[in-house]
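Colleague: Structure provided below as structure tokens; questions to follow.
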Amino acid sequence: MSTDEHTREASGGAAGAVAPSDSYDPRAVQDKWQARWAEIEPYRAEESADDSRERRYALDMFPYPSGDLHMGHAEAFAIGDVPARYWFQRGYNVLHPIGWDSFGLPAENAAIKRNEHPAKWTYANIETQAASFHRYAPSFDWSRRLHTSDPEYYKWTQWLFLRFYERGLAYRKGGQVNWCPNDQTVLANEQVVGGHCERCGALVERRTLTQWYFRITDYADRLLDDMAQLEGRWPDRVLLMQRNWIGRSTGADVQFVIEGRAEPVTVFTTRPDTLYGATFFVVAADAPLAAEICAPEQRAEFEAYREQVSRESEIDRLSTEREKTGVFLGRYAINPVNGERIPVWASDYVLAEYGHGAIMAVPAHDQRDLDFARRFGLPVRVVVDTGEADPAQTGVATAGDGRLVNSGPLDGLGKADAIARAIEVLESKSLGKASVNYRLRDWLVSRQRFWGCPIPIVHCASCGEVPVPDEDLPVRLPDLRGADLAPKGTSPLAAAGDWVDTACPRCGGPATRDTDTMDTFVDSSWYYFRYCSPDYADGPFDPEQVRTWMPVDQYTGGVEHAILHLLYSRFFTKVLHDMGMVDFTEPFTRLLNQGQVILNGKAMSKSTGNLVDLGDQIAEYGVDVVRLAMLFSGPPEDDIDWADVSPQGMAKFLARVHRIAAETAAPAGADPAAGDVTLRRATHRVIDEATTMVEAQRFNVAIARIMELVSATRKAIDSGPGAADPAVREAAETIAILLSLFAPYTAEEAWEALGRQAPVIRAGWPSADPALLVEDQVTCVVQVAGKVRDRLEVPPGIAADELERLALASDKVRAALGDGGVRKVIVRAPKIVNIVPA
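Counting in full-length UniProt numbering, the sequence shown runs from 1 upward without gaps.
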């Protein structure tokens, strides 16, 4: 039976809200079991070294306290709860913590709008979400709760910053940065999506500022190479997105002399074999080099063009659809392999951050270069013969492999040999060398906002940058209560004079604190370590507890964090490994990304009026109905369209579960072997299949199997051996245990109705009896000319010739064949026979 058929069966085709069953209301049991679970703390992880149970760490991505929980939270935390509950049932010592990523722009912007302190808004929302989480019933160990905005937490964020600083991984420099004009702060490259701020959607500008960075590029190769540990455990698309973002490419650095400039300019190219085809030179319009080398007579035109480029997004600049633009700089570069003078242009299709901010343009073999050459009438020279038509005539660059032509000593060579030979020539003349380039840039961590972790550096006129001593951490945020926190392009902390002015820790002279705060992704790059020992006072975490619990066995969260959070967390883990604080290099063993909850094919939004309120759904149907509907709707990674979900059907299904538990009459402990074998086979088949599906993260299929067992048990009670049969008790207890992963309140209520002691989550996962999985009979489908004509019950081990004989002897098959003969019989024993008439 398909999952859709199960939904129809469970719902009975009903539409509209369902009144609670006379015997069971899934909403009524919530308060009862919340109180009981609070007393017995069934989800508390055991820290003691004496606990010999195997450990598992289930982690959900940090929630942000912006209002109450919503439908997206309901999906994500229901999905993340399943493996944790499964591991509890398997007898593992499970760590499943909860906390809040509580610094950041949303809180600060909301506080400015309400004219209140960000802490007030943040902690009020945390308490609201905490109450909703308790109601929604994920299996959290609440004793490990943390908030990144607590001084007890951000003390260690600052401590880690200082360790990075000591290792040369945290540094301050001036340069062009992404600036959000709405939020009035800088953004890391990863926080710019399609040229817009990923937070507010404003078009991002480019500015020159002095900022703090983390040297993540030092770890580029390891971030790439260590993905081998994650193959088959992380979604392929996430690994691909990270590889593309890091963007490692091999080639050569080549030195071009610019006439009138003493120092040569280095360009990176992946195809040094095409140097003889370079017919012009392009510098990023916003790179300092362009302004430096621009000839006086071109200055006015260049400045106007650079102003135009400063308003363009990166995505627009890299688009292949828009017409190429540029300005001749009035200078010429010298091609190092043939001495040819080639004109130097400034253009927006070259980025200042890529390579060295300049390229050699080979228009015959690069489409963007060709489009530029055709736009401005520049030469096109073929140097790789691919057998295709001349790009100068077709307007299509030939980017494939071929033999080198018009290239002096490289003529006749294939691509690989030509690249190697070109590098040899460059190195022999000290004009270039083999090189590796990356798209990845260092992580910009400065933010010009108040509600974040202060950077623990003071600036002294005599000593320069001075780290705050460890014993003086945390550097607490000043209160600033009642101050104007509205963004002004500089950090609001700069206005806190008593806080800013301090003594230099090194010389004792007057100094000032750094007034930027850290990107909140710094906070969330290491929180999962802190969960292992949230009260540890001698460091950010207890190394022994981290060795015990980590790496994380299952991480669940949205694919929107595929680059930002996951890349940064991997970087932090590698640095901590190099510091000797952890003994692994990847933090998350297995990753599961859930889809979105949408409505009628569109993302939910207040502005479009299609927002479904989670609180309303829970009030109407109960937590278990919402959770089960979420999990049953499809595979976790697929989007859920709430318009297609049947909470009414789930409510009826849960009522059936409770009714079975209430009617079961066989005593606890009755020997199931004395019960109905047909029901026992159904029970053990479902145990086997549900176990496989849960481990494969196909939760919807596991639920469908539980529905099958509910139907079989109902049938056994109503028209079979009856409610007193021991097999009925075995089935009912199995239903309660399996259902505890998905609908914890109903499972607990059913477990109690069966006379068992709470909590059901500690009942232990049932094992399928292999003997009961062996089928005495299987159904063989017999087709004639592709149409099903009969179904035969046959032994599983039936021979092909015997199955063919039985099929041809079938009255229904003979009637379908009529007077015609048989041309061919295809047998796939024991499941199918296909007969082709003559």
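All C-beta atoms, glycine included, are put in the ideal place defined by N, C-alpha and C. Predicted, not measured: the structure shown is a model, and the values here were computed from it.
Any heavy atom of the ligand MN within a distance shorter than 8 Å of the CB on Asp273?
Modeller: The ligand content of the structure shown is nil, which means the ligand MN is not present either.
Colleague: Over the uninterrupted alpha helix (DSSP H) stretch that includes Ala250, give me the two end residues.
Modeller: As a position in the sequence shown, residue 250 is number 250, starting the count at 1. Note that residue 250 is Thr in the sequence shown, not Ala. Segment 249-258 is the beta strand (DSSP E) holding Thr250; no alpha helix (DSSP H) there.
Colleague: Only counting the same chain, and skipping five residues up and downstream in sequence, which positions put a Cβ closer than 7 Å to that of Ala346?
Modeller: Position 346 of the sequence shown holds residue 346. Only Val283, Ala285, Ala290, Phe302, Tyr305, Gly326, Val327, Leu329 meet the Cβ criterion.
Colleague: What would DSSP say about Met693, mapped onto helix, strand or coil?
Modeller: If you number the sequence shown from 1, residue 693 lands on position 693. DSSP places Met693 in helix when its eight states are reduced to three.
Colleague: Can you find the residues in the same chain that come closer than 8 Å, C-beta to C-beta, to Ala668, ignoring five residues on each side of it along the sequence?
Modeller: Reading the sequence shown from its first residue, position 668 is the one you call residue 668. Excluding positions up to five away in sequence, the list reads Arg729, Leu754, Gly755, Arg756.
Colleague: Taking residue 849 as the reference, which of Tyr153, Val788, Lys574 has the closest Cα?
Modeller: As shown, the chain starts at 1 and ends at 838. That puts residue 849 outside it, with no answer to give.
Colleague: Please state whether DSSP places Thr148 in a helix, a strand or coil.
Modeller: Reading the sequence shown from its first residue, position 148 is the one you call residue 148. Reduced to three states, the DSSP call for Thr148 is coil.
Colleague: Along the chain, which unbroken stretches of the beta strand (DSSP E) at least 3 residues long are found entirely within the region 74-149?
Modeller: Complete beta strand (DSSP E) runs here, min 3: 93-95.
Colleague: Compare the C-alpha of Ala661 against each of Ile735, Met61, Ser719, Ala670 and name the closest.
Modeller: By one-based count along the sequence shown, residue 661 stands at place 661. Of the listed residues, the one whose Cα sits closest to Ala661 is Ile735.
Colleague: Tell me, please, whether the region 265-283 touches the region 603-613 by the rule of three or more beta-carbon pairs shorter than 8 Å.
Modeller: Verdict: no, contact absent.
Colleague: Excluding the 5 residues flanking Gly622 on each side, which residues of the same chain have their C-beta closer than 6 Å to its C-beta?
Modeller: What you label residue 622 is simply residue 622 of the sequence shown in a count that begins at 1. Pro26, Arg27, listed in sequence order.
Colleague: Would you report the Cα separation of Val238 and Val552, rounded to the nearest angstrom?
Modeller: The residue labelled residue 238 in the question sits at position 238 within the sequence shown. The residue labelled residue 552 in the question sits at position 552 within the sequence shown. Distance between the alpha carbons of Val238 and Val552: 17 Å.
Colleague: With 16 other CB atoms within 10 Å as the buried threshold, where does Asn335 fall?
Modeller: Counted from its first residue, the sequence shown places residue 335 at position 335. So Asn335 counts as buried.
Colleague: Exposed or buried, Val436, counting other C-beta atoms within 10 Å across all chains shown (16 or more means buried)?
Modeller: Taking the first residue of the sequence shown as 1, we reach residue 436 at position 436. Exposed, since its Cβ has fewer than 16 Cβ neighbours within 10 Å.
Colleague: Under the DSSP definition of a beta bridge, which residues are partnered with Gly432?
Modeller: Here residue 432 is taken as the residue at index 432 of the sequence shown, counted from 1. Bridge partners of Gly432: Val254.
Colleague: Where do the N-terminal and C-terminal ends of the alpha helix (DSSP H) with Ser332 fall, by residue?
Modeller: Mapped onto the sequence shown, residue 332 falls at position 332. Here residue 332 is Tyr; the residue named in the question, Ser, does not match the sequence. Per DSSP, Tyr332 belongs to no alpha helix (DSSP H); it is in the beta strand (DSSP E), 326-334.
Colleague: From Ala702 to Ile687, what distance separates their C-alpha atoms?
Modeller: Taking the sequence shown and counting its residues from 1, one reaches residue 702 at position 702. Taking the sequence shown and counting its residues from 1, one reaches residue 687 at position 687. For Ala702 and Ile687, the distance between alpha carbons rounds to 9 Å.
Colleague: Nearest CA to the CA of Ala651: which residue from Glu637, Asp624, Cys200?
Modeller: Counted from its first residue, the sequence shown places residue 651 at position 651. For the residues Glu637, Asp624, Cys200, the minimum Cα distance to Ala651 belongs to Asp624.
Colleague: How would you call Asn244, buried or exposed, if buried means at least 16 neighbouring beta carbons within 10 angstroms?
Modeller: Sequence index remark: in the sequence shown, residue 244 carries index 244 (1-based). Exposed.
Colleague: Restricting to Cα atoms, I'd like to know which of Val781, Gly277, Trp499 is closest to Ile835.
Modeller: Translated into positions along the sequence shown, residue 835 becomes position 835. The shortest Cα separation from Ile835 among Val781, Gly277, Trp499 belongs to Val781.
Colleague: Using a Cβ-Cβ cutoff of less than 7 Å, which residues in the same chain neighbour Tyr57 once the five nearest sequence positions on both sides are dropped?
Modeller: Position 57 of the sequence shown, counted from the first residue, corresponds to residue 57. Result list for Tyr57: Leu95, Trp549, Met550, Val552, Asp553, in chain order.
Colleague: Going by the DSSP bridge assignment, what does Cys460 pair with across the sheet?
Modeller: Position 460 of the sequence shown, counted from the first residue, corresponds to residue 460. DSSP, once it has assigned bridges, lists Gly464, Ala511 as partnering Cys460.
Colleague: By the 10 Å Cβ neighbour count, where 16 or more other Cβ atoms means buried, how is Asp401 classified, buried or exposed?
Modeller: Counting from 1 along the sequence shown, the entry for residue 401 is found at position 401. Exposed.
Colleague: Would Thr490 and Arg447 be called neighbours here (beta carbons separated by less than 9 Å)?
Modeller: Translated into positions along the sequence shown, residue 490 becomes position 490. Translated into positions along the sequence shown, residue 447 becomes position 447. No, Cβ-Cβ distance for Thr490 and Arg447 is not below 9 Å.
Colleague: Among residues of its own chain, excluding the 5 on either side of Glu427, which ones have a beta-carbon nearer than 7 Å to its beta-carbon?
Modeller: As a position in the sequence shown, residue 427 is number 427, starting the count at 1. For Glu427, where only same-chain residues beyond five positions count, the Cβ hits under 7 Å are Lys433.
Colleague: Does the beta-carbon of Arg476 have 16 or more other beta-carbons within 10 angstroms, so that it is buried, or is it exposed?
Modeller: Sequence index remark: in the sequence shown, residue 476 carries index 476 (1-based). Classification for Arg476: exposed.
Colleague: With burial defined as no fewer than 16 other Cβ atoms inside 10 Å of the residue's Cβ, what is the status of Asp417: buried or exposed?
Modeller: In the sequence shown, counting from the first residue as 1, residue 417 sits at position 417. Exposed: under 16 other Cβ atoms inside 10 Å.
Colleague: Identify which residue in Glu166, Ser407, Val186, Arg163 has its Cα closest to the Cα of Gly174.
Modeller: Here the question's residue 174 lines up with position 174 in the sequence shown. Ranking Glu166, Ser407, Val186, Arg163 by Cα distance to Gly174 puts Val186 first.
Colleague: Examine the Cβ distances between the region 573-593 and the region 223-230 and report whether three or more of them are shorter than 8 Å.
Modeller: Touching, yes.
Colleague: Below 6 Å CB to CB, which residues in the same chain sit around Pro431 once its five sequence neighbours on both sides are set aside?
Modeller: Within the sequence shown, the letter at position 431 stands for residue 431. Reading the sequence as shown, one finds Leu at residue 431 and not Pro. Here the set comprises Gln255, Pro336.
Colleague: Can you list, in chain order, the residues of its chain whose CB lies under 7 Å from that of Ser21, leaving out five sequence neighbours each side?
Modeller: Along the sequence shown, read from residue 1 onward, the residue named residue 21 stands at position 21. At Ser21, the pLDDT of 42 sits below 50, so the modelled position is not reliable and the matter cannot be decided from this model.
Colleague: For Pro492, which of helix, strand or coil comes out of DSSP?
Modeller: Taking the first residue of the sequence shown as 1, we reach residue 492 at position 492. Helix, per DSSP.
Colleague: Run the CB neighbour count on Gln308, radius 10 Å, all protein chains shown included, and call it buried at 16 or more, exposed below.
Modeller: On the sequence shown, position 308 is the one that residue 308 refers to. Gln308 should be labelled exposed.
Colleague: Is it buried or exposed for residue 865, if we count other Cβ within 10 angstroms and need 16 for buried?
Modeller: Residue 865 is absent from the structure shown; the chain starts at 1 and stops at 838.
Colleague: Quick check on the DSSP output: the beta strand (DSSP E) that includes Arg659 runs from which residue to which?
Modeller: Walking along the sequence shown from the start, residue 659 turns up at place 659. Per DSSP, Arg659 belongs to no beta strand (DSSP E); it is in the alpha helix (DSSP H), 647-663.
Colleague: Thinking C-alpha only, which one of Val468, His73, Asp183 is nearest Ala503?
Modeller: Here the question's residue 503 lines up with position 503 in the sequence shown. Nearest option by C-alpha distance: Val468.
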